[in-house]
Amino acid sequence: MAQTTQPVRKMRRTLLGTIPVTSPLYQLHPATRFISLLFLGVVSMFIDLPEINIALLILILVYMRWARVDISGLRIYLPLMFTVAIFMFTVSIAFPGDDPTFHAFEFLGITLYLEPLYWTFASYWRLMAMLFGTIQYFSTNRERDTLVAVRALKVPFVVTYFLSLALRAAGMFMEDMRTIREAERARGLDESSMSLSDRAKLYAMYMIPLFTLAIRRADEISNALYARGYRPSGKVEGGGKRTDYILTKYKIRTLDIVLIVTQVIIFTVVGVLRIGFGVFAVTQSPLRQYLLTLMSG
Amino acid sequence: MEENVWALEEGEVRRPGIVHIVMLALFTGIGIVVGTFGSLAIPIGFVSAFWPGQAIQAVGSIWYGMWGGIAAFVFPLISNAMSGSAPLPVSLAYIPANFVQGMAAGWSFRQFKCHPALKTGKDWLVFTLIGILAANAFGAAWGTTVLRLFGLITPDAHSVAWAGWFLGNSVASWVLGALLLKFISPLVIRTKAFCKGYWA
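Listed in order, the protein sequences are those of chains U and W. Residues in the first sequence are numbered from 103 upward in steps of one, following the numbering used here. Residues in the second sequence are numbered from -8 upward in steps of one, following the numbering used here.
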């Protein structure tokens, strides 16, 4: 019988998951992707309109799909999305404020007010858009990409070294944490059946081995750096500049420049429109205006 | 006689070096993992009613002085983003609170000559009152003000959110912080990276 073999799909491990090596995203320079973190993670701060923030959120998901990120991995954020919504709406219902101009209505015997509820609705989507704007970056980039990005943006050596080691350390400790958890599961531990307090206690138990590993690694890494003549200034002995091998592997292309400039321009325009002219305020939301018309009519 | 781990031995010279930068980075890495998994394990979101990261901030400044203080405000920027507990602008606004949450314990332990392994009643009292309660009271006040400014809570909910934040974080941080100090401090104070002063 003839056997068919599936082609091997090479994957790259990012801080939050894995992504195929063939992802079209890797056509872009890491600096372009880093700017997308600053753009998508912050721009919603100037936008209160839920219509735009929901559209941004969809755009981020489409972008991640295009980058071939396994969207099902985002399920880990579902409990958080629900609990945040429950918290925000509970607070808004329990403490709506006492503005006499609020439009009141009854629902299941509870008096609700449209304005604070709508504000919460708008804030929730703004929060989600910003969160997924940052999650997309960590789902699609490795520590090395962040390192290249900050070096390309001419950040001082000591900062880039610290940042790269911190991110790399996070990756290493996550791996250690996974090993500890898998070892526990292999011995029959079922975290899903545990209460919140038991999960918190279990969590405290992970810390001791993690710290012990960190202390050992700090000595090993600092000795290795010392042996290679590294200094916080990034200069070699005699004052010359250390060559940066990693940067030679990445080239900024015209497409990168276009994308970076576009993001910076959009960000600036949105910020100026919001701060200077009050555009994107929640009062301009078409959905809010429609709901107010419904209630007034 | 009480052991004073902060006093320099005769002829002892301590200078900040590459080991401190490495430790800062590794500590930040641990903070990222603790902050991220803490938030994902107990998914309460930005209200932060359980955030064991504060324990890391406190012990970081006790062991590594100002390096721990720097890690205290750097790692939440990344862990909040990865866990989805707070977006970047909110995390940036938390920086002063995170720095104080970290440095309160480090400053008080050096000021009152407390032992990092919590050996006496005084050590426990200083850790609990300043390292945990005062630090979290300030952190919760700053944090809830940020949430209010970002429109994530209503002004009327400010005090309730503060109480929830303060109590939840204090309990988690006290339990985890005490464990770390008690069991890992004896190891840490013998390492090169341990800081008797603020920088070395």
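Ideal Cβ placement from N, Cα and C applies to all residues, glycine included.
Please confirm whether residue i has its beta-carbon closer than 8 Å to some beta-carbon of chain W.
i              : result
T236 (chain U) : yes
A169 (chain U) : no
S387 (chain U) : no
V336 (chain U) : Before going further, note that residue 336 (chain U) is Gly rather than Val in the sequence given. It does not: the Cβ of G336 (chain U) has no partner Cβ on chain W nearer than 8 Å.
L182 (chain U) : yes
L312 (chain U) : yes
F379 (chain U) : no
M309 (chain U) : yes
Y480 (chain U) : Since the first residue of chain U shown is 103 and the last is 399, residue 480 (chain U) is not available in this structure.
D321 (chain U) : yes
N294 (chain U) : Per the sequence shown, residue 294 (chain U) should be read as Ser rather than Asn. Answer no: the Cβ-Cβ gap between S294 (chain U) and chain W never drops below 8 Å.
According to DSSP, simplified to helix, strand and coil, what is residue i?
i              : result
A285 (chain U) : helix
M296 (chain U) : coil
K110 (chain W) : coil
K343 (chain U) : strand
K187 (chain W) : coil
K353 (chain U) : coil
Looking at chain U, is there any beta carbon in it that lies within less than 8 Å of the beta carbon of residue i?
i              : result
K173 (chain W) : no
V10 (chain W)  : yes
K187 (chain W) : no
M57 (chain W)  : no
I53 (chain W)  : no
F157 (chain W) : no
L15 (chain W)  : yes
Q180 (chain W) : Looking at the sequence itself, residue 180 (chain W) is Ile, so the reference to Gln does not match. No, I180 (chain W) lies away from the interface with chain U (no Cβ there is under 8 Å from its Cβ).
P67 (chain W)  : no
V24 (chain W)  : yes
T136 (chain W) : no
F28 (chain W)  : yes
D114 (chain W) : no
I123 (chain W) : no
A84 (chain W)  : no
For the beta strand (DSSP E) containing residue i, list its first residue and its last residue.
i              : result
P122 (chain U) : 120 to 122
F209 (chain U) : 206 to 209
I144 (chain W) : Careful: I144 (chain W) lies outside any beta strand (DSSP E) and carries neither H nor E.
T213 (chain U) : 212 to 215
R115 (chain U) : 113 to 115
Pick out whichever of the options has its Cα sitting closest to the Cα of residue i.
i              : options                        : result
L138 (chain W) : W:A152, W:A128, W:N127         : W:A152
A148 (chain W) : U:T356, U:F197, U:R390         : U:F197
F64 (chain W)  : W:W54, W:V91, W:I53, W:P80     : W:V91
Y189 (chain W) : W:Y55, W:T182, W:L171          : W:Y55
I156 (chain U) : U:R333, U:L210, U:W227         : U:W227
Q129 (chain U) : U:D358, U:Q386, U:A383         : U:D358
R318 (chain U) : W:A191, W:K187, W:L178, W:G26  : W:L178
L117 (chain U) : W:A72, W:I47, W:M57            : W:A72
T350 (chain U) : U:A251, U:R376, U:V123         : U:A251
L216 (chain U) : U:G199, U:M230, U:I178, U:L229 : U:G199
G175 (chain U) : U:Y305, U:I237, U:M276         : U:I237
E245 (chain U) : U:P132, U:M397, U:T213         : U:P132
M232 (chain U) : U:T356, U:L139, U:V381         : U:L139
P87 (chain W)  : W:Q48, W:W(-3), W:S74          : W:Q48
S146 (chain U) : W:Q45, W:E0, W:P78, W:W(-3)    : W:P78
T42 (chain W)  : W:A163, W:K183, W:F185         : Note that residue 42 (chain W) is Trp in the sequence shown here, rather than Thr. With distances taken between Cα atoms, W42 (chain W) lies closest to W:A163.
I162 (chain U) : U:W221, U:A224, U:T242, U:F189 : U:T242
L255 (chain U) : U:I362, U:I310, U:V384, U:T124 : U:I362
I323 (chain U) : U:G290, U:L267, U:V372         : U:L267
V13 (chain W)  : U:A316, U:E208, U:L142, U:I137 : U:A316
M279 (chain U) : W:A(-2), W:F28, W:F129, W:G8   : W:F28
G235 (chain U) : U:P122, U:T213, U:V164         : U:V164
Note the first and the last residue of the continuous alpha helix (DSSP H) segment covering residue i.
i              : result
T418 (chain U) : Residue 418 (chain U) is absent from the structure shown; chain U starts at 103 and stops at 399.
D247 (chain U) : 245 to 254
M166 (chain U) : 152 to 168
Q92 (chain W)  : 86 to 102
S194 (chain U) : 180 to 196
G51 (chain W)  : 44 to 74
R181 (chain W) : Element bounds for R181 (chain W): n/a, residue is neither H nor E.
P388 (chain U) : 388 to 398
N127 (chain W) : 126 to 140
F148 (chain U) : From DSSP, F148 (chain U) is part of no alpha helix (DSSP H); its letter is neither H nor E.
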